[in-house]
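First to last, the protein sequences are chains A and B.
Numbering-wise (the UniProt record's numbering), the first sequence opens with residue 1 and increments by one.
Numbering-wise (the UniProt record's numbering), the second sequence opens with residue 1 and increments by one.
Yeah, the Cβ is synthetic: ideal placement off N, Cα and C, and Gly gets one too.
Predicted, not measured: the structure shown is a model, and the values here were computed from it.
Structure record follows, encoded as structure tokens.
Protein chains: 2
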Amino acid sequence: MNDPRNAPCTLEVALGERSYPIHIGPGLLGDPRWLAPHLAGRQVMVVTNETVAPLYLERLRQGLAADLEVRELVLPDGETTKTLASVERIWDALLAAGFNRRCTLIALGGGVIGDMVGFAAACYQRGVAFVQVPTTLLAQVDSSVGGKTGVNHPRGKNMIGAFWQPRAVLVDTDTLATLPPRELSAGLAEVIKYGLIRDAGFLAWLEAEMEALRGLDAFAVAQAIERSCALKAEIVAEDETEQGVRALLNLGHTFGHAIEAHQGYGNWLHGEAVGAGMLMAAELSCRLGWLGAEEVARIREIIEAAGLPLTAPADMGVDDFLAIMRLDKKNLDSRLRLILLRTLGEACIHDATPTETLIDLLENFPRR
Amino acid sequence: MNDPRNAPCTLEVALGERSYPIHIGPGLLGDPRWLAPHLAGRQVMVVTNETVAPLYLERLRQGLAADLEVRELVLPDGETTKTLASVERIWDALLAAGFNRRCTLIALGGGVIGDMVGFAAACYQRGVAFVQVPTTLLAQVDSSVGGKTGVNHPRGKNMIGAFWQPRAVLVDTDTLATLPPRELSAGLAEVIKYGLIRDAGFLAWLEAEMEALRGLDAFAVAQAIERSCALKAEIVAEDETEQGVRALLNLGHTFGHAIEAHQGYGNWLHGEAVGAGMLMAAELSCRLGWLGAEEVARIREIIEAAGLPLTAPADMGVDDFLAIMRLDKKNLDSRLRLILLRTLGEACIHDATPTETLIDLLENFPRR
């Protein structure tokens, strides 16, 4: 890996003519060299939220040349705002500004901003350019890469959306300095996920470095982001629209989405729900005879070490889980599809879990 | 050309792995052979409107196998319903039915239904299959082919949408029997457009056959649809996302969209506005020295023979046109781009029309 203390590292998401770079390093935000090559024309709209705007909007502005026509839109913060109504606000602002097909949207914020701005770009005049500038660990390692965009629907998470790739992803690692610890832990859930599904060596490295990561050690954090992005870029390049291997990135997400939906979006952070969900997937993989008790214990320990929950919500019964999980996007023709672990570092798509095994897991998984 | 009195004709839109057939002929609707190969799975939702449902929904139902899970959604009719709110109704219905990624939407109706259902399919769970079953001439020759989907915004037509290709287009020519004459004329505007932009021989054929077409002569109508679809398929295959040649299909549309937007969607039919708009584009091409007066006269005559308006709305001033045209999707970085005619059968994209020439046209074009 590059030493991020010296120079930014650049990875590529290889998607033919839709390929794009991920730049990772400190100090990218205010430096015009990183944004300029990815703007489609002179019209630029920066979309961010009320939490991020006071922290980083001015710095981003400094990274935009003076001759651009720049507009800014500041939306409310939080998963509950990830709605079609918010995306309509972006479209209204673009049309009010008279922006054309050659405009560029910049998503400055976490996963919610990135998903909404990407979806707004996908559908504005049938598709315009956008750049991801993720400011949370979760967005930096996962949601900003790979072109999944969209919004929630009262009946399910990310039910409305599009595959639409950004022109570039700029990960300014300096932005993590202002991230609340709870959000940092949520991001670490997705980092752990990459180790679990595809890279046992990375998982072992994470076990060793978890304290450094939670302490925001710059070198450890940059390495974790780079490795996560590299794994994500590999998977997306193999399977852009989730016909196969990309579904593995959803380890823990089917259980996690059910928790998020049941508890009301935003009460559990996405990463927290994924953390508990990965442990549920691990326990189920153990019941199917794939993981040993010792491996499940390792998974429990690293999830705990990352500061993530090890329990499901106390008020969530078996039927609550099943009802929401049956609506999951991965399901095909009414079979429940789950991402499970064959072993540490190897995930699989499984649509033949016996219902009684699943119910047994859901009944016995600890609540709090 | 095939003789459509014998067997349906099939054309292909050649887009690599997104290629699909256009089947054209009588009696396709109730015949299961045409729909079945294009369904992604067992879940099927037919979306139509209140005008078309009593005429053709039952016939379409007969074309769907008994073991499918079929839902139906009947929306109100008209261009004013081409809104995001209508598309949300489709998404709500899909989610209420628990439909997954392997579902198929069927658009049964005219251009409004086709555009909305296509957009709903493009964004439901980030993209599901859909089939176009156009029942108006305009949808059969133009809007159902090529994957342009979307809805109107109060500030502009088709401003929100996506490129999303159908799995197939089924043109049952029997459905034209119930089409009001005004709608038939509107469809003929797009048919004439193909002759004007790309096929002078087809234009001459249309001049000769216009009476037969307006009288719904089955052979003439089928030939006109086939030739129009073949020309459209060629152009779309060359330029799926309108980076170049596909823009030529917008002949008359920049003026036409301005008329539609100013008059309120639905008061002028889209094809009527395009008819007047093509004449405006022809007059402007004449002012630029490309068309002679005799060629403009031929265009005026065929537009009139098709039963289309030759005048702009009396209450639309020069500024009304300019204000709306400046928001057109084809414009890039604030230059007005127009599709004009170099000669009969050859269109071009032009972004250097002197403003005074355009204003002179807009001042002098007849109103009523």
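Under the DSSP definition of a beta bridge, which residues are partnered with residue i?
i: A/ARG102; result: Bridge partners of A/ARG102: none, in fact.
i: A/ALA346; result: At residue 346 of chain A the sequence reads Glu, which differs from the Ala that was named. In the DSSP output, where bridge partners are listed per residue, A/GLU346 has A/THR343.
i: A/PRO22; result: What sits at residue 22 of chain A in the sequence shown is Ile, not Pro. The partner list for A/ILE22 (beta bridge, DSSP) reads A/LEU11 and A/VAL169.
i: A/MET45; result: A/ARG71 and A/LEU105
i: A/GLY201; result: Note: A/GLY201 sits in no beta bridge, so no partner.
i: A/GLY161; result: A/GLY150
i: A/PHE130; result: A/LEU105
Leaving aside the five residues before and after residue i along the sequence, list all residues of the same chain whose C-beta is less than 7 Å from its C-beta, in chain order.
i: B/ALA305; result: MET210
i: B/LEU84; result: VAL151 and ILE160
i: B/ALA36; result: ALA65
i: A/VAL221; result: THR173, LEU176 and LEU213
i: B/GLU301; result: none
So residue i packs on residue j, CB below 8 Å; how close in whole Å?
i: A/ILE339; j: A/VAL145; result: Not confirmed; about 18 Å, so no contact.
i: B/THR254; j: B/ASP328; result: 5 Å
i: A/ALA261; j: A/GLY150; result: Rounded, the Cβ-Cβ distance is 15 Å, inconsistent with contact.
i: B/VAL87; j: B/MET116; result: 5 Å
i: A/ILE359; j: A/PRO313; result: Not really, about 17 Å apart at Cβ, beyond 8 Å.
i: A/PHE99; j: A/GLN43; result: 5 Å
i: A/GLY147; j: A/LYS193; result: Actually they are not in contact, since the Cβ atoms of A/GLY147 and A/LYS193 sit about 18 Å apart, beyond 8 Å.
i: A/ALA181; j: A/GLY307; result: Here residue 181 of chain A is Pro; the residue named in the question, Ala, does not match the sequence. Confirmed, about 7 Å.
i: B/ALA347; j: B/LEU206; result: About 16 Å; that fails the 8 Å criterion.
i: B/LEU11; j: B/ALA233; result: 6 Å
i: B/PHE365; j: B/GLU283; result: 6 Å
i: A/THR105; j: A/MET45; result: Looking at the sequence provided, one finds Leu at residue 105 of chain A rather than Thr. The pair is a contact, with the Cβ atoms about 5 Å apart (cut-off 8 Å).
i: A/LEU57; j: A/GLU72; result: 7 Å
Listing by chain order, which chain E residues have their CB less than 8 Å from the CB of residue i?
i: B/CYS229; result: Of the protein chains in this structure, namely A and B, none is chain E.
Could you have a look at residue i and say whether DSSP puts it in helix, strand or coil?
i: B/THR135; result: coil
i: B/ASN2; result: Because B/ASN2 carries a pLDDT of 46, less than 50, the predicted location of this residue cannot be relied on, and no value is offered for it.
i: A/PHE219; result: helix
i: B/GLU50; result: coil
i: B/ARG155; result: coil
i: A/ALA120; result: helix
i: A/VAL145; result: coil
i: A/ALA212; result: helix
i: B/TRP34; result: helix
i: B/ALA293; result: helix
i: B/LEU310; result: coil
i: A/LEU269; result: coil
i: B/ARG287; result: helix
i: B/ARG337; result: coil
i: A/ARG368; result: coil
i: B/GLN140; result: helix
i: B/LYS330; result: coil
i: A/GLN243; result: coil
i: B/LEU28; result: coil
i: A/LEU77; result: Before going on, a small fix: residue 77 of chain A reads as Asp here, not Leu. Residue state, collapsed to three classes: coil.
i: A/MET280; result: helix
i: A/GLN263; result: helix
i: B/LEU179; result: coil
i: A/ALA258; result: helix
I'd like the list of long-range same chain contacts for residue i, defined as Cβ closer than 6 Å, with 5 residues on each side in sequence excluded.
i: B/GLY256; result: ALA273, VAL274 and GLY277
i: B/GLN62; result: GLY30
i: B/GLU363; result: VAL318
i: B/HIS38; result: VAL131, ARG167 and ALA168
i: B/ASN2; result: Its pLDDT being 46, under 50, B/ASN2 is placed unreliably by the model, and the measurement read from it follows with that caveat. CYS9.
i: A/ARG335; result: ASP351
i: A/MET316; result: HIS262
i: A/LEU138; result: GLY111, ALA186, GLY187, GLU190 and GLY271
i: A/ARG102; result: ALA40 and GLY41
i: A/ARG198; result: LEU231
i: A/GLY201; result: none
i: B/PHE321; result: ALA258 and LEU362
Kindly list the residues whose CB is nearer than 8 Å to the CB of residue i, restricted to its own chain and excluding five residues on each side of it in sequence; keep chain order.
i: B/TRP91; result: ALA120, CYS123 and TYR124
i: B/ILE324; result: GLY156, HIS257, ALA258, ALA261 and HIS262
Determine contact between the stretch 283-291 of chain A and the stretch 171-179 of chain A, defined as no fewer than three beta-carbon pairs at a distance below 8 Å.
-> no
Spell out a yes or no on whether the stretch 349-361 of chain A and the stretch 24-32 of chain B are touching, meaning 3 or more CB-CB pairs, one atom from each, closer than 8 Å.
-> no
Three-pair Cβ contact test at 8 Å for the stretch 44-51 of chain B versus the stretch 103-112 of chain B | yes
So does the stretch 222-232 of chain A actually touch the stretch 125-135 of chain A, counting three or more Cβ pairs closer than 8 Å?
-> no
Should the stretch 211-218 of chain A be regarded as contacting the stretch 163-170 of chain A, the criterion being three or more beta carbon pairs within less than 8 Å?
-> no
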